[in-house]
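Everything in the sequence shown is counted per my numbering, starting at 90 for the first residue and increasing by one. C-beta atoms are modelled at their ideal positions from N, C-alpha and C, and glycine is treated no differently. Remember, predicted model here, so these are calculated numbers, not experimental data. A short write-up of the structure that comes next.
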Amino acid sequence: MKKSVVVLCLMMISTVCIAQEWTTDLTVAKRKATEENKNILLVFSGSDWCIPCMQLDKNLWPTDTFKDAAEKSWVLLLADFLQKKGNPEPVNVNDMKMILAEKYNRDGFFPYFVMLDKNGRILSKSGYEDFETPEEYVALFRKMSR
């Protein structure tokens, strides 16, 4: 019994250590960006239906390369538009991701990246790039931050 408790605790600690801090609220992201003097990387995703989004979830976001760069440079803001079993979520105009889409992604691109300053003003936008390495995405996001 003690052995399984220790294993469970180690698994929980490792999960916390590798997790990134994504927020889904623009107000929280702007406050954190101001406090930390960072830009905001807003990601529009369809993590359960968009194949490139799923590839980013698997091959980019969990990498040390991205996590290290993000920790130093950006507040991460996610607008994830799920479709459970092929059915879009009901539209709620007060949902933060709908507010973000109306303001920053009116054409509905997925995945889509918007770099914002700490006040929520657009610095640059980019669609999906079929890059081979996380370093290429980090370079793109750094370029978008200028």
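Spatial neighbours of residue i within its chain, please: C-beta separation below 7 Å, excluding the five flanking residues on both sides.
{"i": "residue 139", "result": "199 and 200"}
{"i": "residue 215", "result": "202, 229 and 233"}
{"i": "residue 235", "result": "none"}
Taking the alpha carbon of residue i as the point to measure from, which residue in the options has its own alpha carbon closest?
{"i": "residue 160", "options": "110, 235 and 213", "result": "110"}
{"i": "residue 169", "options": "206, 190 and 147", "result": "190"}
{"i": "residue 192", "options": "210, 117 and 180", "result": "210"}
{"i": "residue 129", "options": "115, 153, 150 and 197", "result": "115"}
{"i": "residue 221", "options": "147, 181, 112 and 131", "result": "147"}
{"i": "residue 223", "options": "144, 121, 124 and 119", "result": "144"}
{"i": "residue 135", "options": "167, 213 and 188", "result": "167"}
{"i": "residue 231", "options": "172, 188, 157 and 177", "result": "157"}
{"i": "residue 213", "options": "172, 131 and 119", "result": "131"}
Which same chain residues end up closer than 8 Å to residue i when comparing Cβ atoms and leaving out the 5 residues on each side of it in sequence?
{"i": "residue 218", "result": "225, 226 and 229"}
{"i": "residue 175", "result": "138"}
{"i": "residue 125", "result": "164"}
{"i": "residue 206", "result": "122, 128, 129 and 212"}
Under three-state DSSP, which class holds residue i?
{"i": "residue 180", "result": "coil"}
{"i": "residue 33", "result": "This structure cannot speak to residue 33, because the chain is shown only from 90 to 235."}
{"i": "residue 233", "result": "helix"}
{"i": "residue 174", "result": "coil"}
{"i": "residue 149", "result": "coil"}
{"i": "residue 112", "result": "strand"}
{"i": "residue 219", "result": "coil"}
{"i": "residue 142", "result": "helix"}
Hey, residue i and residue j: beta-carbon distance below 9 Å or not?
{"i": "residue 203", "j": "residue 133", "result": "yes"}
{"i": "residue 150", "j": "residue 127", "result": "no"}
{"i": "residue 181", "j": "residue 123", "result": "no"}
The alpha helix (DSSP H) with residue i in it runs from where to where?
{"i": "residue 192", "result": "185-193"}
Which first and last residues belong to the beta strand (DSSP E) in which residue i is found?
{"i": "residue 214", "result": "211-216"}
{"i": "residue 128", "result": "128-134"}
{"i": "residue 163", "result": "163-169"}
Who are the Cβ neighbours of residue i in its own chain at under 6 Å, not counting the five residues just before and after it?
{"i": "residue 121", "result": "164"}
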